[in-house]
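Below is one structure, written out as structure tokens; the observations come after it.
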Amino acid sequence: MLDNSIDSTTTTISYLNTSNLQDERPTGLAKLFFGFMYEEPLEESFDYDTSDALEEPPTGTMWNPINAALFCTYTLTTAATTVPILLIPTIGKDLLQGNFSNEASGFSSRAAASAVLGSAIGKFLNGPVGDVLGARRTLVLYAMLLACALLAMGFSQDVNSITWACFFVEFFQSVQWPCILIILATHYGPQQQHSSTHTMYESGIYLTSIASRFGSLIGIPFFSAFVTHDSAWRWICFMGAWIAMIGASVAHLFLTDSPDAINEPQNPLHPSILYQWAEFPNKPRTLLNLIHRILHSILIENLIPSLQRVLKNGTFWIIALAHTGSSIIRTSERILTTYYHDTSRGYLSEENASGLSIFS
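If you count the sequence shown from 1, you need to add 961 to reach the working numbering.
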């Protein structure tokens, strides 16, 4: 009798605790914004398979080859991306010459706006590229294109071409972080079942996320040491291109899309696209019509389904709003030098204004 009483009391307490936990979960609009912070209730009716728990979980350290290669690649490309931020005042002084004091502010603003626009368009258009073509292949290709953009900046002769170069530098750099997340997810992502693998996934995100700050901390002081005269900015652009190529080499030599394959797109092109391309020489079909069919197939089979899954996620919109705010604030770093110089009314020299901007 006493044992039955104890069992019934324990069952009642457990039920009350479960009910209280469920009642405390947010509903409505609060659930949309904060529901992801709560764990889902355990379904006792579901038959959980515990056979995998007997297997030895994968082990590793934070500085494993994949994390180290991603860190080096992202650090090098980020360091190369800091070249336009550092050189805009020097480029304006060299190309505008006598009209520098009157047009420097306008040139810096145009260059900053072009860079921000390139980053925004790049993140919007290049996001699915890593899924479709493969993250490793995309990392290497866009790092090489980043080097080409810096080379073009080094050979530029007018401020308009410099503005376009700033656009393409940010455009090609914008794909790096999405591809890094894809590689981390395919190697030890949330689909893995072991808790240690979850830890490795989180460690990989943390390590690679600080690579962008680390690249800026290295790149800006390093390149600023070579700004000895106005015409030295061209050689600094060439150095930035060389560093971007080193980043592409690291990604090519030490990264793989998954543990089982070097190149393995997560959302590959439909086989019919490859068949259409292979049969093109044997059929009286214009090249424009073939390109139209391929783009239509990519849009229907690859891009739209991915966008639908992402846009239906409430957590995505929260993170997107937060990231938008931080990106807007960070745009000010591109015009700090001109701002310091113009607002000081001649008290700060151009060199001192640049030094304040570098320190900031």
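No residue lacks a Cβ here, since even glycine has one placed at the ideal position from N, Cα and C.
Counting only runs that start and end inside the stretch 1142-1219, the alpha helix (DSSP H) elements of at least 4 residues fall at 1156-1185 and 1194-1215. Taking the Cα positions, cysteine 1033 is about 14 Å away from threonine 1042. Taking 7 Å as the cut-off, the beta carbon of leucine 1112 is found closer than this to the beta carbon of alanine 1202. Taking the CA atoms as reference points, alanine 1205 sits about 24 Å from methionine 1023. Glycine 1095 sits in coil when the DSSP states are folded into three classes, being neither helix nor strand. The three-state reading of DSSP puts serine 1305 in coil, since its state is none of H, G, I, E or B. Judged by beta-carbon spacing, alanine 1072 lies beyond the 7 Å limit of threonine 988, meaning their Cβ atoms are not closer than that value. Considering only Gly1180, Pro1182 and Leu1216, the residue with the shortest C-alpha distance to histidine 1148 is Leu1216. Burial of threonine 1036 is indicated by the presence of at least 16 other C-beta atoms within 10 angstroms of its C-beta. In the DSSP assignment, isoleucine 1046 falls within the unbroken alpha helix (DSSP H) covering 1026-1057. At the C-beta level, glycine 1208 and alanine 1104 come within 7 Å of one another.
Residue environment analysis places glycine 1286 among the exposed positions, since fewer than 16 neighbouring C-beta atoms fall within 10 angstroms of its C-beta. Non-local C-beta neighbours of isoleucine 1296 in its own chain, meaning closer than 7 Å and more than five positions away in sequence, comprise Ser1069, Ser1070 and Ala1073, ordered along the chain. In this structure, phenylalanine 1116 keeps its C-beta atom at 7 Å or more from the C-beta atom of glycine 1079. The beta carbon of isoleucine 1082 lies closer than 7 Å to those of Phe1132 in the same chain, with the five residues before and after it left out.
Taking C-beta atoms under 8 Å as the contact rule, arginine 1306 and isoleucine 1223 fail to qualify, at a distance of about 58 Å.
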